[in-house]
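For the record, in the sequence shown the residue sitting at position 145 is 144 according to numbering that gives the first Met the number 0, with numbers rising by one throughout.
We put the CB at the ideal spot given by N, CA and C, even for glycine.
Please read all numbers here as calculations on a predicted model, not as lab measurements.
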Amino acid sequence: MKPRIFVSSTYYDLKHIRNNVERFVNQYGFEPVLFESGNVFFEHDKELDISCYNEVKLCHMMVLIIGGRYGAPTSEEKQNDFVKKYEKNYISITRKEFREAVDNNIPIYIFVEKNVYSEYHTFKKNKKIILDILKNPESNFRFAYVDSPNVFDFIDEVKVKAITTFEKFEEIEVYLRSQWAGMFYNYIIELIKEKDKNKIIDEVSELHNISERMNEMINQIGKSILTESGEYEDVVKRQNEKTILFYTNKIIENLKFSNIFIFDDKEEGKIFEVTEHFVDIVLNNAQVYDQNGVFLDTDFIFSDLEEEIGNSINKAFKDINDSLHFESINLYNIYDIYSSKLKPLFDNNGLESLFKETLEELFGKNLIAPF
């Protein structure tokens with residue numbers, strides 16, 4: 000399939016430029032879309048310009064050329080009898096084609112005749128004076144290169160994109176050739192990156208598979224050796240203890256107390272209360288899990304549960320000590336860690352108790368003064 004290039008411009012004053020752009024696009028192997036060449040599908044029951052807007056949506060790029068003529072009024076404005084008010088601000092067909100391309104995120108290459116662009120800058124510097132002169136019905140003021148100040152308004156609008164000036168078609172050709180070469184180069188680089196990315200993903204997957212097989216083999220060999228020596232259960236226990244400590248620390252990293260060291264070493268019982276409240280009100284809150292104990296992450300994000308649970312735990316903490324409450328707590332991360340990494344271990348006898356003991360110990364390090 001060929002890339003389709005929509006050529007948009009004011010027509011009569013730029014006919015030779017349009018013809019050259021059409022020839023250049025064809026030579027490039029792309030498909031030029033110009034209404035005068037029959038590339039636009041005209042719907043019999045609609046105005047010509049409506050068909051042009053619809054065709055813009057089906058193209059991959061737009062070449063927009065702005066000369067001194069502002070363009071024909073749109074069919075909508077013909078129907079509203081705006082034709083006689085040519086010097087008033089109205090939206091030309093070209094301008095609406097540009098907006099259609101912007102709305103559809105289509106790349107646009109904008110070219111403005113050099114003399115028109117120079118006169119645009121003169122107009123901008125003297126806008127109020129010139130507009131006052133134009134309001135006078137007896138004024139014979141004329142611009143040298145444009146037929147209406149609406150051209151300048153149009154340039155104001157398209158300046159959100161890059162503008163290139165030109166005096167002859169060859170300048171447009173050189174610019175487009177350079178831009179399309181750059182676009183093709185970027186496309187090739189992206190293909191190479193994508194290939195490398197897929198290769199890395201495949202290699203990581205392969206390594207993961209090898210790792211799983213090696214772990215299984217080592218586990219079976221180790222289990223056989225350790226079972227014979229009677230040490231297997233001890234090794235598993237130590238591994239579970241390390242896992243519990245690691246993920247309990249991760250939970251602690253996702254919360255922050257407003258005040259630390261608020262208890263002395265004689266108030267260790269208060270740390271037990273803090274831990275029990277945290278486990279009951281936060282970690283084992285039935286509202287955040289489904290019937291199988293799976294964390295309802297999406298429902299949690301789009302609900303008021305985070306604020307509700309945060310308020311509940313802080314209220315319970317306040318009953319223990321007025322200075323005790325969380326300054327910040329990332330409940331989403333905490334539930335994710337607890338439900339996916341810790342709860343599955345609790346099937347092993349004693350590990351849930353070990354988790355609570357570890358949590359209590361870590362809370363104590365934050366809340367009991369070390370002196």
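Check	Outcome
Stretch-stretch touch, CB-based, cutoff 8 Å, three pairs: the stretch 171-180 with the stretch 16-25	yes
Distance between Lys-1 and Gly-28 (C-alpha atoms, nearest Å)	7 Å
8 Å Cβ cutoff met for Leu-366 and Ile-261	yes
Every unbroken alpha helix (DSSP H) within the stretch 300-326, with a cutoff of 4 residues, ordered by chain	304-319
Completely contained alpha helix (DSSP H) runs for the stretch 263-307, where each covers 4 or more residues	267-276, 296-300
Sequence-distant residues of its chain with Cβ nearer than 8 Å to Asp-264 (five each side left out)	Ile-367, Ala-368
Phe-299 beta carbon less than 8 Å from that of Tyr-434	The question about residue 434 has no answer here: the residues shown for the chain are numbered 0 through 370.
Distance between Asn-320 and Lys-241 (C-alpha atoms, nearest Å)	32 Å
Close beta carbons around Lys-84, own chain, < 6 Å, minus the five adjacent residues each side	Unreliable placement is indicated for Lys-84, whose pLDDT of 40 sits below 50; the coordinate value is still reported in the next sentence. Excluding positions up to five away in sequence, the list is empty.
Under 8 Å between C-beta atoms of Ser-327 and Leu-254	yes
CB of Ile-188 within 8 Å of CB of Ile-109, strictly	no
Residue from Tyr-52, Gly-349, Phe-97 whose Cα sits closest to the Cα of Val-157	Phe-97
Bridge partners - Val-159, DSSP secondary structure assignment	Note: Val-159 sits in no beta bridge, so no partner.
Other residues of its chain near Glu-99: CB distance less than 6 Å, five sequence neighbours each side excluded	Tyr-52, Val-55
Buried or exposed by the 16-neighbour rule on C-beta atoms within 10 Å, applied to Thr-274	buried
Short Cβ contact (8 Å threshold) for Val-159 with Gly-67	no
As assigned by DSSP and simplified to three states, the class of Lys-84	Because the pLDDT of Lys-84 is 40, which lies under 50, any placement of that residue in the model is unreliable, and the question is left without a value.
Cutoff 7 Å; reference Phe-378; Cβ partners in own chain excluding five residues on either side	With the chain represented from 0 up to 370, any question about residue 378 goes unanswered, as that position is not in the structure.
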